[in-house]
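Worksheet: one structure, shown below.
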Amino acid sequence: SWQGKCPEYNQTTVIHFILFGLSSDPKIQIFLFVLFLVIYLITLLGNMLIILVIKADPQLHTPMYFFLSNLSFLDICYTSVTIPKTLSNLLSEDQAISFLGCAAQMYFFLLFGSSECCLLAVMSYDRYVAICNPMRYSLIMSRKVTISLAAVVWVMGNVVACEQTAAIFTLPFHRTNIINHFFCDVLPVLRLASTDTFLNDVVNGVLSVVFTIVPFILIITSYVCILSATLKMRSAEGRHKAFSTCSSHLITVTLFFGSCFITYMRPSSSASVDTDRAISLFYTVITPTFNPIIYSLRSKEVKEALRKLLGRSRIF
8 SWQGKCPEYN QTTVIHFILF GLSSDPKIQI FLFVLFLVIY LITLLGNMLI ILVIKADPQL
68 HTPMYFFLSN LSFLDICYTS VTIPKTLSNL LSEDQAISFL GCAAQMYFFL LFGSSECCLL
128 AVMSYDRYVA ICNPMRYSLI MSRKVTISLA AVVWVMGNVV ACEQTAAIFT LPFHRTNIIN
188 HFFCDVLPVL RLASTDTFLN DVVNGVLSVV FTIVPFILII TSYVCILSAT LKMRSAEGRH
248 KAFSTCSSHL ITVTLFFGSC FITYMRPSSS ASVDTDRAIS LFYTVITPTF NPIIYSLRSK
308 EVKEALRKLL GRSRIF
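Here the numbering used here is used: the first residue of the sequence shown is 8, the next is one more, and so on.
What follows is the structure, given as structure tokens:
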């Protein structure tokens, strides 16, 4: 058995983990608590508002805004997996998380994170069809196709989450239970395993290629085609609007995917703990906060729908 091969390890099985967190300084912890709480509330309110506005306005019942409402829902779930526990740990001396709790946190984090990678690619394809093939847009992006694409996004995310979580939490953990991170991310937990993790690193690398590089390439390709099409537009206003939209979307996409590349596309042994924590903040906290602003609140249609909604609420 593997126990016979590892006599140097303490054979007590880990039943809970300790999350090291972001800082052990009480003053910094209070500052971080306030900062994270404000960011979390902004993320929740911004994304909930977008979902409500899109649902309330029939003119926004299009594939583009259907995907945007899915993105907002994902961002709410994505941040809710990590930030509430982080807030709790910043105020409490007890920073423990159960073995099953850690596995659940990793599963949902991977589910929502992988789904978002796929959804961003689907959204870029939707914009590509709308701008580069407008005459056939309704035919290509039919209701059936739109719902099918959204379903595929969630299924793919679930496949990654199930595979990674099962592969990691069936490993033996006997050395230490201290996770040098503020949540149960893949690489920090993988470092604690009491066995060789080469195969896990390979699988992690393959999944990173499939669910980060491939969507990123599809997104970049879509936007290159979109920019090429906008350059042929005669309207200066149309070109400016397209360039503005594409540039803001690409900034968000680059932040999200870039931080994912740096974090996951390397062996677990080569990663720096402090670097991991800093980079993780981009794709777990910052990007979900800016997505509502970048993707929706800059849209004239959303602003108009929001004004209508607020106008109705004042009447009642």
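Idealized CB from N, CA, C, for every residue including glycine.
| Item | Value |
| --- | --- |
| Where do the N-terminal and C-terminal ends of the alpha helix (DSSP H) with A63 fall, by residue? | 33-63 |
| Pull up the DSSP beta-bridge partners for S105, would you. | H23 |
| Are three or more beta carbon pairs between the segment 105-114 and the segment 200-207 nearer than 8 Å? | no |
| With a 10 Å radius around its C-beta and 16 neighbouring C-beta atoms as the bar for buried, classify P14 as buried or exposed. | Confidence at P14 is low in this model, with a pLDDT of 39, below 50, so its placement is unreliable and the value that follows should be read with caution. Exposed, by the Cβ-count rule. |
| Count the other CB atoms within 10 Å of the CB of G348; is the residue buried (16 or more) or exposed (fewer)? | Examination of residue 348 is not possible in this model, given that the chain is present from 8 through 323 alone. |
| If I follow the unbroken alpha helix (DSSP H) through G212, where does it start and stop? | 205-215 |
| Shortest alpha-carbon distance to T291 belongs to which of G164, F189, L59? | F189 |
| Are the beta-carbon atoms of A236 and I138 separated by less than 8 Å? | yes |
| Is it buried or exposed, S242, if we count other Cβ atoms within 10 angstroms and call 16 or more buried? | exposed |
| Nearest to F106 by alpha carbon, out of A157, P179, D64? | P179 |
| Using the Cβ count rule (16 or more neighbours within 10 Å means buried), how would you classify E170? | exposed |
| Whose C-beta lies closer than 6 Å to the C-beta of L313 among residues of the same chain, with five residues either side of it excluded? | V60 |
| Three Cβ pairs or more, each shorter than 8 Å: is that satisfied between the segment 154-172 and the segment 117-137? | yes |
| Determine the direct distance from the alpha carbon of L81 to that of S87, and round the result to whole angstroms. | 10 Å |
| Please give the ranges of any alpha helix (DSSP H) in the segment 130-199, keeping only runs that are unbroken, at least 4 residues long and fully inside the region. | 144-147, 150-176, 193-197 |
| Indicate whether I186 and L26 have their beta-carbon atoms separated by less than 8 Å. | yes |
| Alpha carbon to alpha carbon, how far is K34 from R182? | 31 Å |
| According to DSSP, simplified to helix, strand and coil, what is S266? | helix |
| If you reduce the DSSP assignment to three classes, tell me which class L29 lands in. | coil |
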